[in-house]
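These notes are about the structure you will find just below.
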Amino acid sequence: MEDLFCEPFPNSTWYLPETFPFRFQLQSHRFRKAYSFGTLLQKKEEDQQKKESSAPALLQIFLQDKYNDYDKLFFRDENQGFVHRVPWLALVHDGYLIPCLFQMQSFRSELEKLFPDQETVFHHLAKYLLSPSNEAWEHITGFYKAYLAKAEERIGFQIRVFEPKKTTFPAVMKQIMSCTQKHRILPQSSEVPLRNGTSKSIFVASLSRKYYEEIDSMYGERSHGGIAVYQASHEGKQHFGDNSHNMKAWMDIYLLSMSDVLVTSSMSTFGYVAAGIAGVRPWIVMIPDPYHPRGADEPSCERAVNIEPCFHFPPWFAYPDQPGTVGPVARCEDVSWGLKIVGG
Numbered sequence: 018m019e020d021l022f023c024e025p026f027p028n029s030t031w032y033l034p035e036t037f038p039f040r041f042q043l044q045s046h047r048f049r050k051a052y053s054f055g056t057l058l059q060k061k062e063e064d065q066q067k068k069e070s071s072a073p074a075l076l077q078i079f080l081q082d083k084y085n086d087y088d089k090l091f092f093r094d095e096n097q098g099f100v101h102r103v104p105w106l107a108l109v110h111d112g113y114l115i116p117c118l119f120q121m122q123s124f125r126s127e128l129e130k131l132f133p134d135q136e137t138v139f140h141h142l143a144k145y146l147l148s149p150s151n152e153a154w155e156h157i158t159g160f161y162k163a164y165l166a167k168a169e170e171r172i173g174f175q176i177r178v179f180e181p182k183k184t185t186f187p188a189v190m191k192q193i194m195s196c197t198q199k200h201r202i203l204p205q206s207s208e209v210p211l212r213n214g215t216s217k218s219i220f221v222a223s224l225s226r227k228y229y230e231e232i233d234s235m236y237g238e239r240s241h242g243g244i245a246v247y248q249a250s251h252e253g254k255q256h257f258g259d260n261s262h263n264m265k266a267w268m269d270i271y272l273l274s275m276s277d278v279l280v281t282s283s284m285s286t287f288g289y290v291a292a293g294i295a296g297v298r299p300w301i302v303m304i305p306d307p308y309h310p311r312g313a314d315e316p317s318c319e320r321a322v323n324i325e326p327c328f329h330f331p332p333w334f335a336y337p338d339q340p341g342t343v344g345p346v347a348r349c350e351d352v353s354w355g356l357k358i359v360g361g
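My numbering puts the first residue of the sequence shown at 18, with every later residue one more than the last.
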């Protein structure tokens, strides 16, 4: 992280210090499992006769996509009393919890004080905490000045296909072109001149080079003088734990955030982050999903109602149609089982 981001606060660090008392325990899967919120809550329910034990010194809050029903009960207000007794919490999560936290009385009042405009929560968090490191900023600004800065309008394409072996390239391109041409983001044909001689730059962020090549062949400078198409990297696939790869991804995200118009992919947190930093409501292209096919009459894309990300895996009791549910949330445009903030 130190190569990607600035430290969040003066005299602070993203990393645990060497003297942190639970460094080794956090590296032990057995320890983390034994002292997870869900495990301890389940034990408490299974042994109602046992006296309430003292709170542990460290508690893991596991809220990733495969979290179980007991883990999900973290989002119940009645369970926060136990959590508040624990001095150290280790949160394991890779999504966006804010929609569910706004539904909890334990968090809502403080969150409303911090974020009176609830549809810009992520924008403020990202702008404050996700500042590019000096090295990352050099890469970002170097590319921007060389290729994007002179355009009168910058369009960002973020294309993510989760099942490339099952979702065909032509099907994805059809969705992208249908969206961008219908909503006049791009001309209907590369042969039609841009109105008023406006210059546009298209920045394509994708693991694949094919989308850049196809868009460039249709709209690039060779065929259409008013539009230039660029891509900074094409890694082929995601490389977990590779910081060089992560640097290129962070560069792509930030370059996308410098766009005037954003076209992103459904279900992609990559696109959520770019839109959130930019403060731009994206057009979300519904990438064909072999597991959740859409009807032929459904739109190729939808304009996001705001710039807030989608929480992909909320607990069942957090949905707006459940009894007792409160808070400014609705189902996401691109993920029917997800939740997002929609204003207060």
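No residue lacks a Cβ here, since even glycine has one placed at the ideal position from N, Cα and C.
Of L108, M303, S276, the smallest CA-CA separation from C318 is found for M303.
Residue state for A335 is assigned as helix, using DSSP reduced to three classes. DSSP lists F220, L279 as the beta-bridge partner residues of G173.
Considering only C327, G341, P340, the residue with the shortest C-alpha distance to A347 is C327. Distances from the alpha-carbon of L273 to those of G237, K227, S223 put S223 closest. Our two residues, S250 and T158, have alpha carbons roughly 15 Å apart in a direct line. Rounded to whole angstroms, I219 and W105 show a C-alpha spacing of 46 Å. The alpha-carbon separation between W333 and H256 amounts to approximately 32 Å. Separation of the CB atoms of P305 and V189 is rounded to 7 Å, and the pair is thereby assigned contact status at 8 Å. In chain order, R40 place their CB closer than 7 Å to the CB of L33, counting only its own chain and leaving out the 5 sequence neighbours on each side.
Distances from the CA of F99 to each of D86, S123, G112, P116 were compared; the closest alpha carbon is that of S123. The residue from E350, T342, S150 with its alpha-carbon nearest to that of K265 is S150. For the pair V109 and Q77, the CB atoms are nearer than the 8 Å cut-off.
About 6 Å separates the Cβ atoms of G55 and N85, confirming a contact at the 8 Å cut-off.
Annotated three-state conformation of F186 is helix, per DSSP.
Under DSSP, V178 shares a beta bridge with no residue. DSSP lists S53, A107 as the bridge partner or partners of Q77. Here the alpha carbons of S285 and A245 stand approximately 25 Å from one another. In this structure, DSSP gives W154 a helical state, which the three-state scheme calls helix. For the pair K89 and Q44, the Cα-to-Cα distance works out to about 23 Å. Where Y113 is concerned, there is no enclosing alpha helix (DSSP H), because DSSP gives it neither an H nor an E. Its chain contains Y52, L57, V103 as the residues whose beta carbon lies nearer than 8 Å to that of P73, once the 5 sequence neighbours on both sides are disregarded; these appear in chain order. Secondary structure remark: continuous beta strand (DSSP E) runs of at least 3 residues inside the stretch 286-352, in chain order: 300-302, 318-320, 346-348.
Between the stretch 134-143 and the stretch 282-296, the count of Cβ pairs shorter than 8 Å is three or higher; the stretches touch. Per the coordinates, the alpha-carbon of E152 lies some 32 Å from the alpha-carbon of A321. Note that the C-beta distance between Q248 and Y229 is below 8 Å. K227: member of the alpha helix (DSSP H) spanning 227-236, first to last residue. Y247 is bridged by DSSP to F220. The shortest C-alpha to C-alpha distance from I172 to any of W31, E325, Q42, P299 is the one to P299. Note on K217: 16 or more other CB atoms within 10 angstroms of its CB, so buried under the neighbour-count rule.
Here the alpha carbon of H156 sits roughly 33 Å from the alpha carbon of D82.
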